[in-house]
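Right, dumping it as C-alpha cells:
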C-alpha cells in the first residue's frame, strides 16, 4: 500500500485507506484490503523488529518482508499493524495471497508472542446476524458451513458430520435452508451489497473487496461483538502453563513444579474415529504443524491420549480425551500461541462448538 508519511492511530490509518483507495492501492492486484487479527503479549514488537524491516508511523508499525513471485523474483511485501485493543493487534495489507503466505504467515508460526485470532463458531453466527439485520437486502454469494449440533438441529440424518460449500446468487436463502435441513452453520461467508463486498471467516481473516468507509465500519462493528470472548480465550491460554516455583522450607531452597492444566469441553460426543481423523487432519493441514507421539487409544467409548509437539515453537503438552472433553497438561515451553492454535485446530477439524477453559492448578507436595 502507498501510505503517506505521518503519525496515525488505527482508526486514522484506516481513514487514509478508504478516503483515497485508488492512490493507496495503485498497482496492487485485486484492489482489496485484507485484515488479520493477532493475539499478542509484550514481546510482539521486538519479534517484528528482529525479523522484518520496521518503521514507526505513530501508533502504526510498517513491517516489510520478502517473497518470491510467480516468476521467481524476490519482491518486498508491505504490512501495517496497529493496536485494536490491549493484547489484540490488527494487520492490514493489500498484498497477494502468495505474498501473505510467504511473508506474513511466519509472523506467528514461530513466535511465542503472536497468534492468529480465532473466532468461536457461536460468535461467528452473531456476526452474521448483525450483518443481515443491518442490511435487509444484503446478498450472500458464497459460504462454507459445518455441522455444530449445539447451534442447529438437523431434520435429515442429524448424526452425520457434514461440511457444505455453496456458491450462488441465492446464498442467503440456501444458508438458512441448509441450517434447518442439515444442522450446519456458516464458518465462512461472502457478502455482497450495492456498496459492500466483504468476506469473513472463523480464522479471523477479513477481506474487504470494496474499499470504502462502509466496509471498514462493518469490520469494526463485527470485531466489537467478538473481542470479549477472544480475550477471555487468551486469558485461559496464558494460565495453562508449567513452571517451577522456589520454596524455602527451613534453610533449603527447593524448586517445586507447578502445573496449571486446561480442558476443552466438547459440544457433542467424540468417537475414536473422529479423534484419529483429527490427528490426520492436523498432519495434512498447511496451516498447522502439530505432531502426535506416544499415542494410546482404545475402541468403544473414547479413551485417547498423546503427547503433542508444536514443531514450529517447540511447545510440548500432553492431551487425554474422553467422549466429552480433552485435558491439556503442559510439559515444556508451552506458549499461549501453541494452545490457541491447538484449540483452533479442534474447532476447525473436530468439534466446532468446543470451548476451552482452565481445569486446575497443582503443585508437587
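In our numbering, the protein residues as written are 1389 to 1753. Note that the Cβ used here is the ideal one computed from N, Cα and C, for glycine as well. Just so you know, these numbers come straight off a predicted model, no measurement behind them.
Contact annotation, residue 1612 with residue 1506: C-beta distance approximately 17 Å; criterion of less than 8 Å not satisfied. Nearest neighbour of residue 1446 by Cα position, chosen from 1416, 1746 and 1396, turns out to be 1396. Rounded to the nearest whole angstrom, the CA to CA distance from residue 1466 to residue 1481 is 7 Å. Assigned with DSSP and collapsed to three states, residue 1601 falls in helix. Bounds of any alpha helix (DSSP H) do not take in residue 1471; it lies within the beta strand (DSSP E) bounded by 1462-1473.
Distance check between residue 1533 and each of 1439, 1499, 1562 and 1517 places 1562 closest, using alpha-carbon atoms only.
When secondary structure is reduced to three states using DSSP, residue 1391 falls in the coil class, being assigned neither helix nor strand. Residue burial annotation: residue 1460 is exposed, with fewer than 16 other C-beta atoms found within 10 angstroms of its C-beta. For residue 1439, the enclosing alpha helix (DSSP H) starts and ends at 1432-1439. Within the DSSP bridge table, the entry for residue 1684 names 1693 as partners. Rounded to whole angstroms, the separation of the alpha carbons of residue 1495 and residue 1666 is 25 Å.
At least 8 Å separates the beta-carbon of residue 1437 from that of residue 1701. Here residue 1512 carries a helix assignment [DSSP, helix/strand/coil].
Taking 8 Å as the upper bound for CB-CB distance, residue 1512 and residue 1575 are in contact here, some 6 Å apart. With fewer than 16 other Cβ atoms from the protein chains shown falling within 10 Å of its own Cβ, residue 1493 counts as exposed.
When the Cα atoms are used, residue 1652 and residue 1411 turn out to be separated by approximately 47 Å. If you compare the alpha carbons of 1451, 1489 and 1622 with that of residue 1434, the shortest gap goes to 1451. Taking a 10 Å sphere around the C-beta of residue 1449, we find 16 or more other C-beta atoms and assign the residue as buried.
Of all C-beta pairs linking the stretch 1619-1632 to the stretch 1665-1683, fewer than three are shorter than 8 Å, placing the two stretches out of contact.
When the five nearest sequence neighbours on each side are left out, the beta carbons in the same chain lying within less than 6 Å of the beta carbon of residue 1627 are those of 1648 and 1746, in order along the chain. With respect to the C-alpha of residue 1598, the residue from 1421, 1416 and 1389 having the closest C-alpha is 1421. Burial check for residue 1567: the Cβ neighbour count within 10 Å reaches 16 or more, so the residue is buried. For residue 1411, there is no enclosing beta strand (DSSP E); the enclosing alpha helix (DSSP H) covers residues 1409-1412.
By a beta-carbon distance limit of 8 Å, residue 1557 does not contact residue 1585. Their separation comes to about 14 Å.
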